[in-house]
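Participant: Before anything else, here's the structure in question.
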Amino acid sequence: MPRAATGTKTRRRKPSAKFSVGTIKGAARDIQGLIQRGKMPFLRFPQRSLGNVKYSDKVGYFELGGREVERTLTVNTVKTFAQTLKMMALSKELIEKDDIATKREAYYVSKNWDDARFDDQPESDTVMEDVEAFFRVNREQLGFIPEEKGGEVAGRLKVLDRDRTTGRQLKIDLTRFGSGAYSIPISVEHLGFDTDAKFILAIETAGMFQRLVKHDYWKKARCILISMGGVPTRACRRFIRRLSDEKKLPVFVFVDCDPYGIANIYRTLKVGSGNAAHVNEYFCVPQARFLGITPDDIESYDLPTHPLKEVDIKRAEDALKNDPFFRHHKPWQKAIRKLVKMGVRAEQQALAKHGLNYVIEHYLPRKLRKREAFLP
Amino acid sequence: MARATGAVKRKPEKRDDRQLSLVPVSSPKKSAKPRPEGRSGKPAKATRPGGKKRRRATAESLATKQRDISVAEFFTKNRHLLGFDNPTKALLTTTKEAVDNALDACEDAGILPDVHVTITQLNGGERFRVTVKDNGPGIVKAQIPKIFGKLLYGSRFHTLRQARGQQGIGISAAGMYGQLTTGVPIRIVSRTKRSTPANLYTLRIDTQKNRPEILEESQVDVEDWDHGTEVGIELEAVYRKGPHSVDSYVEQTAVANPHATIRYESPDGEVMIYDSTTTDLPPEPREMKPHPYGVELGLLLRIFQASRGLTLKGALQNNFSRVSARVADDICKQANVRGSLRATRLAGDDVEAVYRAIQSVKIMAPPSSSVVPIGEDLIIAGLKRRYNAAFYFSCTRRPSVYRGNPFVIEAGVALGGDLSADGPAQVMRFANRVPLQYQKGGCGITAAVTETSWKNYGIHQPRGSLPIGPMAIFVHMASAWVPFTSESKEAIAHYPEIISEIKHALQSCGRQMGRHLRAVKREGEEARKRQYIEKYLPHIGIALKDMLGLTDRQRDAINGKLERLFEKKAR
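Going down the list, the sequences are from chains A and B. Mind the numbering: the first sequence is residues 27 to 402 in the working numbering, read in order. Mind the numbering: the second sequence is residues 1152 to 1722 in the working numbering, read in order.
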């Protein structure tokens, strides 16, 4: 069991299945040791920000940089310090009892911590993320689960799951959901796949997803449709990644043409988030490509637009200046600059200007014929 | 007398339409404005027809009207100059003149003052009786009528040393005001020693001739009263509370005179007793000859004319402080006037040359023995008599000089405690231990307090205003010649030397205060830190215990160790 190095030695902990109660105990023992030797205990975390993230094409996702922050026990940190240790203890208890707690539940558990309790949930979420980053693991490994749903799937796919009571394998045929769709579960590691689809199409809005499902677009195009519903959750990213890796399927992304669709939704799906870079390796889809809507599309399809808001412009400029992903890809810089210069944004639904099913009959087929033109 | 009373009744009606109650008027709304116009208009018209035919006046006819104006008559027409502008202020001024005289008299005689002030409202109206009784040396029988019944009669005008009263105008003016508004004469009882009975006088001032008119003169027996003076004046007045009130005057006088015992019975029947907090009488201020730098040309001329039998050099040496033979020679040389000339025979040009020479010759600063400050400890003792504050600070500056007049500035600050935290600081201004209650805005002290940067000492202060917070500021100027802005002695003039001294004194208080506030803040922070640590530190031990399955003893050991670590760090 690798001992969790707290402070004295800095050892990179890779997220791994080997993470266990022992790792937590090791960290606790280190702290105890420091105190016993008459030293102020401290915790060392990777710095969690876009500034401490590296990107290279070869790796394909945001990697954690080397910068770390040290939180020494002082008057000002004593409260968070105690809370971080309490959160670790809660995690240990969950793992030992093979239980789980949602973020919200963890917050409520803290209400039993006397003075160390959290006053509101954002406080407890931050401490939870600290613990996650400290051990460089995924919060699910700590026994904490998110509340949010993972996204919806429709199309030519059979998901292999297990019946929880009998343990028998379940084969869920997604073509048999009619006008409904399959929900991605919170944990996707145990799932298997069976498909004859040619590609995966990840879609930003539920509205567009509904249209494509209703008109059996997946049948015609032989694909799997996934609705992300905004920025994809970790489960959604992991699901797409595993499906794509296992079945060697290309992933195309279809979002609004605005800085949010590009810099937040698409970027997070492809290379992960800056804030939880220690787990990006698993929660990213480096093979994803950007189908549309591109700034060029606005012109060539003569789409109706709305002006960019001030936050949009700020987001775009931030992406150009600080985001290692966009800084790496010249075509993206060109595209974003063009968008800012045009000063407008266009939604997926804007294609309806040319007829409700224009997107199915013309836009997507035309785009898919020139896949090499997709933005990286 | 009847005429005099009539004259007064007319005046407030004209000048002060706020005081309607003074004049019985049936319909107040009509009365105030149209009347003065109508009055001045009618007589003018009436005299016109005659005036057309002949010259209005000739030099001869004017000459018949030209005559001496009595000081007392002047006063009745210009009473605002002496602080009797309105009935509220009249009550304050009357009390103040009597108490100032009482305190001066006691201190001159080396007696710890014990002053009783009683103000009684008579028959429910705007008539009050002010009685001030002291334990001073008393007044010789023959002098009593002059002191109280004649304006400009006093012992201090001709000397240069620190005292409350100066012109010998105050108390007799108060008496005259009473006489004018009520017709009741001033009543004095005074006893000089145990072996003699007390003398009682009731006096009226002959306003035409400025001389006392004795109405009653007798000897009375007074028990348990060895020496002292009691003055009683009845006057028309209004009693109000607030910063301009008699109550406030008594409070502030108690602050600046910690050696005095003051008992005050207000018209409400409230009795305030301020027992003296020290038995040390302030040292007696020495009389001082004028310093050449402070002398104006006219005074110089007068001094020389009075120097019969002296040469110019001798006159300079004899009449001024800090003029040695050498300095006198220097002045003569500089003026190009022979020092051996007779002072009385100097030509006007020569005097002017001497006057100018004085300004350019270097002369030692005047002695400061004519000025007696209160002292830092006693300022604090005084502040404690009035305020229940948390902290007190004070500063007495070293003597300084403006225009040849020595002066000492003192400042004090009372902070926190029962003082109100909202609103600007209270500012108490004093000149020779006498509170200045009017003309706050025009006073050099207020200017100095405003110009002092209180923010440096942790006190909030809006730009160009008084500081804000639970504090009272005390400023005292002691000098043989305090430069008041007007004869009613309400505000100190803005001499740069004086303002700068006041600011220095305030800054010294401010620095003490800042040091103190910082220490208090630091202590508070440390307590907060300790509390914070005590609150959260145990959870570290608990969490480690949970994770490592420690025993309670191991947990306590960890927490004990952590506590010691923090203690060590704090040190």
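Glycine included, C-beta positions come from ideal geometry on N, C-alpha and C. Keep in mind the model is a prediction, meaning the values are calculated, not measured.
Excluding the 5 residues preceding and the 5 following residue 78 of chain A in the sequence, name in chain order all residues of the same chain whose CB lies nearer than 6 angstroms to its CB.
Facilitator: For residue 78 of chain A, where only same-chain residues beyond five positions count, the Cβ hits under 6 angstroms are 91, 93.
Participant: Can you give me the Cβ contacts of residue 1478 of chain B inside the same chain, cut-off strictly under 7 angstroms, excluding the 5 residues immediately before and after it?
Facilitator: Cβ within range, chain order: 1512, 1514.
Participant: Quick check: what's the CA-CA separation for residue 1666 of chain B versus residue 1681 of chain B?
Facilitator: C-alpha separation (whole angstroms): 23 angstroms.
Participant: Name, going along the chain, the residues of the stretch 1667 to 1689 of chain B whose beta-carbon falls closer than 7 angstroms to a beta-carbon of chain A.
Facilitator: Of all residues in the stretch 1667 to 1689 of chain B, 1680, 1683, 1684, 1686, 1687, 1688 have a Cβ within less than 7 angstroms of some Cβ in chain A.
Participant: Which of helix, strand or coil does DSSP assign to residue 1647 of chain B?
Facilitator: Residue 1647 of chain B: helix per DSSP, three-state reduction.
Participant: What is the DSSP secondary structure of residue 1543 of chain B, reduced to helix, strand or coil?
Facilitator: Residue 1543 of chain B falls in the strand class under three-state DSSP.
Participant: Please report the straight-line C-alpha distance between residue 173 of chain A and residue 1663 of chain B, rounded to a whole angstrom.
Facilitator: Rounded to the nearest angstrom, the two C-alpha atoms are 60 angstroms apart.
Participant: Residue 1555 of chain B: which of B/1495, B/1442, B/1224 sits nearest, CA to CA?
Facilitator: Comparing Cα positions, the closest option is B/1442.
Participant: Between residue 1271 of chain B and residue 1418 of chain B, is the Cβ-Cβ spacing less than 8 angstroms?
Facilitator: Yes; because the gap between Cβ atoms is below 8 angstroms, this pair is in contact.
Participant: Please state whether DSSP places residue 1198 of chain B in a helix, a strand or coil.
Facilitator: Because residue 1198 of chain B carries a pLDDT of 47, less than 50, the predicted location of this residue cannot be relied on, and no value is offered for it.
Participant: Hey, how far is the Cα of residue 1219 of chain B from the Cα of residue 1458 of chain B?
Facilitator: Whole-angstrom Cα-Cα distance: 29 angstroms.
Participant: Quick one: residues in its chain with C-beta nearer than 8 angstroms to the C-beta of residue 384 of chain A, no 5 flanking neighbours on either side, listed in chain order?
Facilitator: The answer, listed in chain order, is 377, 378.
Participant: Here's the rule I'm using: 16 or more other beta-carbon atoms within 10 Å means buried, otherwise exposed. How should residue 1654 of chain B be labelled?
Facilitator: Classification for residue 1654 of chain B: buried.
Participant: Compare the C-beta of residue 104 of chain A with all C-beta atoms of chain B and state if any pair is closer than 8 angstroms.
Facilitator: Answer yes: the Cβ-Cβ gap between residue 104 of chain A and chain B drops below 8 angstroms somewhere.
Participant: Checking contacts by CB at 8 angstroms: is residue 218 of chain A closer than that to chain B?
Facilitator: False, the Cβ-Cβ gap to chain B never drops below 8 angstroms.
Participant: In chain A, which residues lie less than 7 angstroms from residue 1697 of chain B when you measure between Cβ atoms?
Facilitator: Residues of chain A passing the Cβ test: 115.
Participant: DSSP beta-bridge partners for residue 280 of chain A?
Facilitator: BP columns for residue 280 of chain A point to A/229, A/318.
Participant: To which residues does DSSP link residue 1267 of chain B through a beta bridge?
Facilitator: Note: residue 1267 of chain B sits in a beta bridge opposite B/1284, B/1414.
Participant: Do residue 291 of chain A and residue 281 of chain A have their C-beta atoms within less than 8 angstroms of each other?
Facilitator: Contact flag set, yes.
Participant: Run through the stretch 226 to 312 of chain A for me and flag every whole alpha helix (DSSP H) of 4 or more residues, listed as ranges in chain order.
Facilitator: You should have 232 to 240, 243 to 247, 260 to 273, 293 to 297.
Participant: Let me know the secondary structure DSSP gives residue 352 of chain A once reduced to three states.
Facilitator: Helix.
Participant: Check whether the Cβ atoms of residue 1287 of chain B and residue 1324 of chain B sit closer than 8 angstroms, and answer yes or no.
Facilitator: For residue 1287 of chain B and residue 1324 of chain B, no; Cβs fall outside 8 angstroms.
Participant: Quick one: list the residues of chain A neighbouring residue 1535 of chain B, beta-carbon separation under 7 angstroms, in chain order.
Facilitator: Neighbours of residue 1535 of chain B on chain A: none; closest Cβ ~38 angstroms, over 7 angstroms.
Participant: Does DSSP put residue 1378 of chain B in a helix, a strand or coil?
Facilitator: In the structure shown, residue 1378 of chain B sits in coil (DSSP, three-state: anything other than H, G, I, E or B).
Participant: Quick check: is the beta carbon of residue 55 of chain A nearer than 8 angstroms to any beta carbon in chain B?
Facilitator: Interface residue, yes.
Participant: Buried or exposed for residue 395 of chain A, going by 16 or more other Cβ atoms inside 10 Å?
Facilitator: Classification of residue 395 of chain A: exposed, given that the 10 Å Cβ count is below 16.
Participant: For residue 64 of chain A, which residues in chain B fall below 9 angstroms Cβ to Cβ?
Facilitator: Result: 1712, 1715, 1716, 1719.
Participant: Can you give me the C-alpha to C-alpha distance between residue 197 of chain A and residue 82 of chain A, rounded to a whole angstrom?
Facilitator: The alpha-carbon atoms of residue 197 of chain A and residue 82 of chain A are separated by roughly 38 angstroms.
Participant: Does any residue of chain B have a CB that is nearer than 8 angstroms to the CB of residue 121 of chain A?
Facilitator: With 8 angstroms as the cut-off, residue 121 of chain A does not count as an interface residue toward chain B.
Participant: From which residue to which residue does the beta strand (DSSP E) around residue 1354 of chain B run?
Facilitator: That run of the beta strand (DSSP E) goes 1349 to 1357.
Participant: Could you tell me which chain B residues have their CB closer than 9 angstroms to the CB of residue 50 of chain A, listed as they occur along the chain?
Facilitator: Those are 1698, listed as they occur along chain B.
Participant: How should residue 402 of chain A be labelled, buried or exposed, when 16 other C-beta atoms within 10 angstroms of its C-beta is the threshold for buried?
Facilitator: Looking at its Cβ environment, which holds fewer than 16 other Cβ atoms inside 10 Å, residue 402 of chain A is exposed.
Participant: Okay, do the stretch 1526 to 1542 of chain B and the stretch 1560 to 1580 of chain B touch, 3+ Cβ pairs below 8 angstroms being the bar?
Facilitator: Output reads yes: the stretch 1560 to 1580 of chain B touches the stretch 1526 to 1542 of chain B.
Participant: By the 10 Å Cβ neighbour count, where 16 or more other Cβ atoms means buried, how is residue 158 of chain A classified, buried or exposed?
Facilitator: With 16 or more Cβ atoms within 10 Å of its Cβ, residue 158 of chain A is classed as buried.
Participant: Listing by chain order, which chain A residues have their CB less than 7 angstroms from the CB of residue 1709 of chain B?
Facilitator: Under the 7 angstroms cutoff, chain A gives 58, 61.
Participant: Relative to the alpha-carbon of residue 121 of chain A, which residue among A/49, A/255, A/253, A/229 has its alpha-carbon at the smallest distance?
Facilitator: Closest option to residue 121 of chain A, Cα to Cα, is A/49.
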